[in-house]
Structure formats: structure tokens, C-alpha cells
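These notes concern the structure reproduced below.
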Amino acid sequence: MENRLNENKKEFLLLCEDIKRPGISELLKWLETSDFFTAPASTKYHGSYEGGLCEHSLNVAKTLRLLCGDSDIQNVPLETIYITALFHDLCKVNFYKKSKRNVKTDAGWVEKDYWEVEEKFPCGEHADKSIILLQQYIKLLPEEIMAIRAHMGGFDTSVKGGSFMIGKIFEKSNLAVLLHCADLMATYICERKE
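Position one of the sequence shown corresponds to residue 176 (my numbering), numbered consecutively onward.
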């Protein structure tokens, strides 16, 4: 496990070398002091294990790079691919904590670890919070903001409230559509639990 965490961290930092945006080194220093490299991607769905957040971010980056590279839709700079993919779920940094609960098994009651949400910085919904945190360190291009904002697609809470904003973003931004697809593919194909 420790080996996989270290390999993922090393790969993540290597991809970040292609990001030349002012403030990236400060962002990476902050990530080093956070739980980004050990946090789960969720409490019970994809990547609900130690290191799941970093691993999911890498899977989205690899998938988005393939989609953008194989697409005649538009030429997306590598820096933009990595910024949007690697940091689309930045809102999950320092967001989960490991807890214990009793679970009944065939052998009786046993104590099991599980992840729970412990919101330390309630400043917006999922994608909005990622954008807010990211812009504390680097300036995002409008296309990057739209892509991160819409990466949840129909799972976004604004859609449940009747908002058409995600659809409007998808009409304007090919990158937003591709990031959403990369996130879905990483979650439901790359990280599928058998």
C-alpha cells in the first residue's frame, strides 16, 4: 500500500512539472502539507481507500489526455489538461477522516475502519470549492473554470435544483465535456470494483 501511495505521488508530481503557471509550486507545497496524497476519493464509492483521491486524479488526467489527443474537436494545451484533471476534485482535500464502526459479520461484531466527511472549509458546492481553492494559488483560464465547474455533469447539485448551467457550459466548452467524460470513465471503468 505504502509503495502504491509513493508511486502515485511521484507520478502526480511528475505530471505537475508540465504546469508552468505562476503559483504552482505554492500549490504543490500546500498539497504536501495536506492529506491529498492519502485521502480517499469518496467515502463509499470510487476510490474509497487510502490514496484514492490522488489515484483518481491521475486516472482522470490520463483519460483526458487520451480524449484530447484522439479528438479533432479542439487542441487543448497539456498544461490545461493537467490543471483541470489533476485538480478537479481539490475540494476533497482535508475533507474526509477515518473513523471506526462496529459491523456484524458471520464471526460476530468486528470493528472496521470507514471514511466519513468532516467539512473543514464550507465555501461552496463540490466544483465551486475546487475552483476557489485552486485560485488561491494559480490563476485559471475561463475555459479551465468552466471545465472544472461542469465536471460533475448531471450529478451536480445545481442540476437537481433545475439549473441549466451545466448544459450551457457544455455548449460552450469542449474541454468541459471531455473532462466530464474523463471523470466518468476514470470512475466507472478504470476504478471499477469487480
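The C-beta atom is built at its ideal place from N, Cα and C for all residues, glycine as well.
For residue 285, the uninterrupted beta strand (DSSP E) run begins and ends at 283-292, by DSSP. Between residue 234 and residue 356, the beta carbon gap of about 13 Å keeps them out of contact (Cβ cut-off 8 Å). For residue 276, the enclosing beta strand (DSSP E) has its first and last residue at 271-280. Boundaries for residue 314: no alpha helix (DSSP H) harbours it, and the DSSP string shows neither H nor E there. Contact annotation, residue 236 with residue 206: C-beta distance approximately 15 Å; criterion of less than 8 Å not satisfied.
One thing to note: residue 216 has its Cβ no nearer than 8 Å to the Cβ of residue 288. When DSSP states are grouped into helix, strand and coil, residue 328 belongs to the helix group.
Within 10 angstroms of the beta-carbon of residue 327 lie 16 or more other beta-carbons, which makes it buried. In the structure shown, the three-state DSSP call for residue 352 is helix.
Straight-line spacing of the CA atoms in residue 320 and residue 306 works out to 7 Å.
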